[in-house]
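Everything in the sequence shown is counted per numbering that gives the first Met the number 0, starting at 0 for the first residue and increasing by one.
Note that CB positions come from ideal geometry on N, CA and C, so glycine has one too.
As structure tokens, the structure follows; a few thoughts come after it.
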Amino acid sequence: MQNKDDLRKLFLGKRLQLTPSEIEKKSRQIAENLFSVDKIRDKENFSIYLPINNEVDTKFIINNLLKKNKNLNCPYFSKTDNAYYFTKFTNWENLEKGTHQILQPIHPEKVDPTIIEIAIIPGIAFDLQGTRLGYGKGVFDTLLAKSKALRIGLAYDFQTADKIPKEKHDLVMNVVITESGVIGAKDFG
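This is the structure we're talking about:
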């Protein structure tokens, strides 16, 4: 099995080759597949990410959830606290580029991560058991450590692997959603 750094280079390299039209087409299909998951329909509190580096584009998901008046929260990096936390996301206005050029609200409103019912999470790759390979900074592992949210990883088909090295602090997804469908990873419990 390859180590995490080699896997990051491999999968990120593939993702960075996607064209804007490929990203849009695949992201729309992934959004449709997400909304086919019964477990999310009656939930009110979601965490979502704002994409970088050709991650699955979440604008279709965000716009759909906002139309349904769902509560959306996104990661925010506080330079003052030198830490990430969740903040409310209410619209596409009043955003600024924060750490790593990730969009985040200009006026953050801290949110308790334990209220989040559905966590929509990006990744560089996922395996069939739901193990996530991120950038290696532990942002989502830390943010969601105390949350009982259903964890949904979003990925393109080529971002799935048979096995990814896992450490004890690594979050495992309940499901991974690609443009081809839903990969049941861990019990929905």
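Candidates the options, of which the one nearest residue i by Cα
{"i": "lysine 167", "options": "Thr141, Ala154, Glu95", "result": "Thr141"}
{"i": "isoleucine 219", "options": "Glu21, Ile22, Gln128", "result": "The requested residue 219 is not part of the displayed model; the chain covers only 0 to 188."}
{"i": "asparagine 70", "options": "Phe76, Phe59, Thr89, Ser77", "result": "Thr89"}
{"i": "valine 55", "options": "Asn62, Lys38, Asn68, Glu21", "result": "Glu21"}
Pairwise C-alpha distance: residue j and residue i
{"i": "isoleucine 47", "j": "glutamine 1", "result": "29 Å"}
{"i": "phenylalanine 187", "j": "methionine 172", "result": "Low per-residue confidence applies at phenylalanine 187: pLDDT is 46, beneath 50, and the placement is therefore not dependable, though the value from the model is reported in the following sentence. C-alpha separation (whole angstroms): 9 Å."}
{"i": "isoleucine 119", "j": "valine 175", "result": "10 Å"}
{"i": "alanine 82", "j": "phenylalanine 76", "result": "6 Å"}
{"i": "asparagine 32", "j": "glutamate 43", "result": "19 Å"}
{"i": "leucine 94", "j": "lysine 87", "result": "12 Å"}
{"i": "leucine 15", "j": "lysine 147", "result": "32 Å"}
{"i": "glycine 135", "j": "isoleucine 60", "result": "25 Å"}
{"i": "isoleucine 163", "j": "aspartate 41", "result": "32 Å"}
{"i": "valine 138", "j": "lysine 109", "result": "16 Å"}
Neighbourhood of residue i by C-beta distance below 7 Å, restricted to the same chain and skipping five residues each side
{"i": "threonine 177", "result": "Ile29, Ala154, Tyr155, Asp156, Thr159"}
{"i": "serine 179", "result": "Asp156"}
{"i": "leucine 9", "result": "none"}
Residue range of the unbroken beta strand (DSSP E) whose run includes residue i
{"i": "aspartate 126", "result": "124 to 126"}
{"i": "valine 174", "result": "174 to 177"}
Endpoints, the alpha helix (DSSP H) within which residue i is located
{"i": "serine 26", "result": "19 to 33"}
{"i": "arginine 7", "result": "3 to 15"}
{"i": "lysine 209", "result": "Absent from the structure is residue 209, since the part of the chain shown begins at 0 and ends at 188."}
{"i": "leucine 142", "result": "138 to 142"}
Sequence-distant residues of its chain with Cβ nearer than 6 Å to residue i (five each side left out)
{"i": "lysine 165", "result": "Thr130"}
For the region 22 to 31 and the region 99 to 112, state whether three or more C-beta atom pairs, one from each stretch, are separated by less than 8 Å.
no
Spell out a yes or no on whether the region 106 to 115 and the region 3 to 10 are touching, meaning 3 or more CB-CB pairs, one atom from each, closer than 8 Å.
no
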